[in-house]
Structure formats: C-alpha cells, structure tokens
Amino acid sequence: MPLAAIIESIVFAADAPLSLDRICEMLHEFEREDIKEAVAELGRYHEERSGGFQLVEVAGGWQFRTNPMYQQYVTRHIKTRSIKFSPSALETLAIVAYRQPVTRTEVEYLRGVDCGGVLKTLLEKKLVRILGKKDIPGRPLIYGTSKEFLEIFGLKDLKGLPTLKEIQALDETPHYEQQDDLPLGD
Amino acid sequence: MPLAAIIESIVFAADAPLSLDRICEMLHEFEREDIKEAVAELGRYHEERSGGFQLVEVAGGWQFRTNPMYQQYVTRHIKTRSIKFSPSALETLAIVAYRQPVTRTEVEYLRGVDCGGVLKTLLEKKLVRILGKKDIPGRPLIYGTSKEFLEIFGLKDLKGLPTLKEIQALDETPHYEQQDDLPLGD
Amino acid sequence: MITRMSEENLNLDGFHEIYSVHLDKFDGPLDLLLHLIKKNELDIYDIPIAVITRQYLDYIKVLKELNLEVAGDFLLMASTLLHIKSRMLLPQDEQEEGEEELDPRAELIQRLLDYQQYKEAGMVLEARALLGREVFTRSCPESLFLAAQNDEGPLELELFDLVDAFRSLLTRIPVESFHDVAAIETFSIADCINNILSLLQERDMVHFDDLVRDEMTRELVIVTFLAILELCRLKLIRIFQGGQHGNIWFVPAVLQEPAEQG
C-alpha cells in the first residue's frame, strides 16, 4: 500500500496535524477519494494494532500521538531525559571554569547581568562549588568548578580544558616559509 | 503485547534516539532480556510492515524515522535542513571519523592543506567534538565525531562506518589492479 | 621504464584551458595531484615525477598569471615535488648503500593513496540517507514535553560549547577588563587551588609536602607554590612554618559554612 505509506510518512514528519485538504494538496498526483480512504484505513489499522501510538483526528487534522494508556511511561522519560544547557547557564559555567577562583560580583561584571539564580542552579547541579570566602569586606563566596564538572567533560584535570588561544588558532592559517623563487619555467 | 507497546510509545515520544540502557532504566519493572527482545521484535515488525516510517538503530539508540523512499513526498511539507557539505568538509569529516582521536596536525598532513577553518565549522555544526588533549609535548587538542554525527548520518555506532577497504573496492579500477608488486626505485 | 620514456610525449595541449576552468576547484595540493594522475591515466604506484612536477608547477603558474593568491599548502607541495625529483635524478650508485633503497616517492604515494581513500569515504558518507535531508524524525513534540520541565536528567554538555561561550562573551565586552587570557599555566594553578581547597575540606591542616608527594617535579612545586600565593592573596588560607626550614603547613583562613549561599 504505497499511498498509505506515503501519507503515513508525511503525517509522521509534519509538525502539526494535517487536514485532508492539506494532504490532497501535497499529493496532487493522487485522487482525493483514494487519499480519503487511505487515511481512514490507516486510522483503523493503527487502532486495531493498538501499539504505542495511534493516528488520531485532532483540530481538524490527522496526527500520530502516543496512546494515552502509556502516558505514565512517556512521562518517566520526559522527567529524566537529558538536559540541554541554557545559554546563560553555559556562559556562567564558562566564566567560572576559565576564571576560577571567581566571585559572583566578578561573574556578574563579565556577564553584565545578575547571576545569582544561575550560580545557584550550577551549584545544585554540582558543576560549580564554593571554594571558600574571600577575606575582603562583605566576605563574598568564591566559586570554582567541581570534580563532577571534570567528569562530565571527561577531563582528567583543568589542564584538559581547551584554551581560547587553541580555539582561535583554528582561524589562523599556518605560517609558511617564503617560497618566491620556485622555478616555474620549463 | 503490552511491553512492546509501552516501549513503542516511549521511543515514539522521545526527541532523540533511546538506548537500550535508557529504556531499561525507565522500565525498571521489566527484565532487561524481555525489553531487549521486544525492541528487536519491534524493529523487525516495522521493517516488514514497510510503512511510512521505521524503527532504526542510530547513535547507540532506537528512533522512529521516515522511510527514505518517501523523501520527495515528505519534503513537500517539511522544510529540509540545508545540509550541504563542501568536499573539504567531507574529507575532513571522514578523516576525523576514521582516524579519531586525531589532532589538527594529523588531519592536515592527510589532506595536505590547512584545516583549521573546516574543523571549526564542523565543531560549530556539532558534527565533530573536542575529546581533550593529547598527552604529547604541546598538548594539542584531539578531535572525534559526535553523537550528532551518528544521528545525521544514520549510523548505529562508529563500527557502522563502511570500512575503508569496502570504500576502496568501490573505486578499484582495472588499472590499479594490475599492479602486482610495488615498483620501488627505477 | 615505460612511463619514463613516454613522459615527454604526454599530451599537455589544452592544459591552460582546462585549468583556467578548474581554478580554485581543488581542495588542496593532494587533490590537484590526484587529478593530474587520473587525467593523464598515470599509475599512482609509479608516478612519473618529472611530468607531474611540471604540470603541477604549470598550474601554479597559471594561478599566478591570473593574480590569484596561491595558498602556502600548494607551494609547500611544489617544493616537495622538486625535492623528490632531484633525489630521483641522483645516479643509482651515488645513493646511499642501504639494506633496501627507499623510493623517494614512497611517502608521497602513501599520502596520495590515503588521501584518495578519505576523499572517497567522504563521498560515501555524503551519499547516505541523511537526517533532515532524506530521512526525518517526528517533528511534533508531545504536548507533555512542552509542559514538563525536568531537573533530574543527565546534562548534555560539549567542551567546544563551553569554550565557545566564553569566547563569544569576550567579543562582547571590552578587552581591557581582562587580565591575560587563560593559558595552560593558569589552569595548572586553578587545578592546584581546587586540590588544596578540597584537601582543606577533608582535614583542617595540610602539609606542603602532601601536595607534591606524588610527582615531585620542578613544575609541580612551582605551580603549587604559586597556587598557595594566590590562595593567600585571596585570603583563603593561612600559612605556618614549623621553625626555620621546618615543615610548611596551611589551614583555611575561614572555616567553611557550607549551607550558606549567595
């Protein structure tokens, strides 16, 4: 059933429910009646199969959705899936990593914004730790990276961190000796 | 087959390939062996069904992906990512993939040209990652391919790369085949 | 021998037209050399160096005539070729008596073979069904996904992202607000500072020798010393010495109050 498979692939990859009109528009080489029938059949097929997902009609269109029966399992995944770092967290972590030992004031000076919340998150995630208190008025806390930080990046020690120079070196062309006098004639 | 359906729902809902370990972690009430078998069976089921999408093993995990056969239909609706690789990016990527962990100097020796810019682009595109530093004088950065590389190129793992021997066989011309012994000297 | 004899008869007509079309099309000197070998149907295992060198130099000449900048990589290869050519011209008996004479071309041939292999590997990779080009995943996130915020999952972090974040930060702010860009030495010191502070969390007193006991290198002693100075400057530790030339001890300047934050 190639038409059904074609429809299935489109609906699967679409970022929103697809209406029958929209599907027909895309698959102009097929008859509307055939498409309509194939969609309905697909819906029945997935319903009977009762797998982990179904083809359902929502908001005037067709969409694959996980079977609500298994919602608790899906939620388990969502709760424990890997976390992508926010740009501000990444930036703050970078400052702590490259400027440690560093105080919150110093971090905030560099970022130009309040970093209390971000630093707290980094502390909670154990990527950053408090090294101690600076013995100056106000006794601000001093931050540095943790053992977990090294583990996450697979580093033996802080020496393994790529330096800015090394990254900037990628933009530079290597230096060649002057080679003006090549014998170019025959 | 509820276990299979549960697994299907999780894999279907996930936004990245799910490894067997990860699935087992989530479904702690099931036996690893049962899960393993169910996943394999699901893969076979979707392959035999040959619908619009398949359950494939990529980047060390399982993921539903559209069948490449229907690319032309899917792209009528979905905006394709403009994936265009320059020959130099491909060469560099291949060298990093096959020779990792590899330093910039090694890549440049193999390609005969400066590769700083290309490596940086590949880093920015997240196809290549910094693995750390090599324990030799100068401690140069070492590079390897990323999980994204496996995901984009649809590879199960690095062992899934076609072997260089296979690649050579594709290009073997009769001209080279006649070469029995390497003529050294005159 | 056959290749040698036919060298001069190779057809070089139309060389300029071909290369002025292909200018800049080569990804490097090895790519150009491979092209010359294929075009002339030469045997890669027995490259007639004189022919290849002349054609290669002609190519560079064309580039120069067109006032195009010739990358250093191409010039480097030109000198390599000339060097090989001159070694090939040495009479046999003047060459060093070795157990086995090494073909001056051997390294170049190996590089060409390797390069050809990776070039093809790149094309094989490109021909795969790529995610986002031929193959697609489900692009609609579950509504659950959008609602749920998770805190328990493992972190996804890349070294490059970290250094890149720092780099883009530096481009945003004035340079003078920075002391010297972190170098390897700075990291060693930071590492050492971290070490000392970890030790001071476990015990109240640390002996200088404890820090350098494992590998007593000059570098480590200096770095440790600098770390201690920095910690003193930050007023994080206090130093004691047990008499003249006695043991050096240090203790935390302020006792930790771990529960306190901000």
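Chains as they are written, first to last, in the numbering used here: chain A, 2 to 187; chain B, 2 to 187; chain C, 41 to 302. Even glycine gets a Cβ: it sits at the ideal position worked out from N, Cα and C.
Using a CB distance cut-off of 8 Å, residue 115/B counts as an interface residue toward chain C. Minimum Cα-Cα distance from residue 84/A among the listed residues 53/B, 16/B, 73/B, 71/B corresponds to 16/B. Here the segment 109–121 of chain C makes no contact with the segment 197–217 of chain C; the two share fewer than three CB pairs at distances below 8 Å.
Listed along the chain, the chain B residues whose CB falls inside 8 Å of the CB of residue 88/C amount to none; the nearest CB is some 11 Å away. Taking a beta-carbon distance threshold of 8 Å, residue 77/A counts as an interface residue toward chain B. A straight line joining the alpha-carbon of residue 141/A with that of residue 98/A spans about 18 Å. By the criterion of a C-beta distance shorter than 7 Å, residue 127/C is surrounded in its chain by 144, once the five residues flanking it on both sides are discounted. The segment 107–153 of chain A is shown to contain whole beta strand (DSSP E) runs of 3 or more residues at 129–134, 142–146, in chain order. DSSP places residue 248/C in the uninterrupted alpha helix (DSSP H) bounded by 248–252. Partner residues in the beta bridge of residue 56/A, as assigned by DSSP, are 65/A. Within chain C, the C-beta atoms nearer than 8 Å to that of residue 130/B come from 198, 199, 200, in chain order. Put simply, the backbone Cα of residue 89/C is about 12 Å away from that of residue 119/C. In the displayed model, residue 292/C falls within a strand according to three-state DSSP. At a cut-off of 8 Å, the C-beta of residue 101/B has no neighbouring C-beta in chain C. As the crow flies, the alpha-carbon of residue 243/C is around 42 Å from that of residue 101/B.
Under the 8 Å criterion on CB atoms, residue 112/B is classed as interfacial with respect to chain C.
Below the 8 Å Cβ cutoff, chain B contributes 66, 67, 75, 79 as neighbours of residue 176/C, in chain order. Here residue 85/A carries a strand assignment [DSSP, helix/strand/coil]. Looking only at 136/A, 138/A, 112/A, 143/A, the smallest Cα-Cα distance to residue 124/A is reached by 143/A. Considering only beta carbons, no part of the segment 273–289 of chain C lies closer than 9 Å to chain B. Under the Cβ criterion of 8 Å, residue 231/C is not counted among the residues facing chain B. For the 8 Å CB-CB criterion, residue 168/B and residue 205/C do not form a contact. Residues of the same chain with a CB within less than 8 Å of the CB of residue 157/B, apart from the 5 flanking positions on each side, are 58, 59, 60, 61, 151 in chain order. If you look at residue 279/C, you'll find it in the beta strand (DSSP E) that goes 277–281. For residue 19/B, the beta-bridge partners assigned by DSSP are 63/B. Contact between the segment 43–58 of chain B and the segment 150–158 of chain C is not established, with fewer than three Cβ pairs separated by less than 8 Å. Distance from the CA atom of residue 129/B to the CA atom of residue 21/A, rounded to whole angstroms, is 42 Å. In the structure shown, residue 104/B falls within a strand segment according to DSSP collapsed to helix, strand and coil. When DSSP states are grouped into helix, strand and coil, residue 32/A belongs to the coil group. Along the segment 8–20 of chain A, going in chain order, the ones with a CB nearer than 9 Å to a CB of chain C are 10, 13, 14, 15, 16, 17, 18. With fewer than three CB-CB distances shorter than 8 Å, the segment 88–98 of chain A does not count as touching the segment 32–51 of chain A.
For residue 269/C and residue 105/B, the gap between their C-alpha atoms comes out near 36 Å. Beta-bridge analysis with DSSP links residue 142/C to no other residue. Residue burial annotation: residue 134/A is buried, with at least 16 other C-beta atoms found within 10 angstroms of its C-beta.
Residue contact check for residue 113/C against chain B: a CB pair falls below 8 Å. Excluding its 5 nearest sequence neighbours in each direction, residue 275/C has C-beta neighbours in its own chain below 7 Å: 293, listed in chain order.
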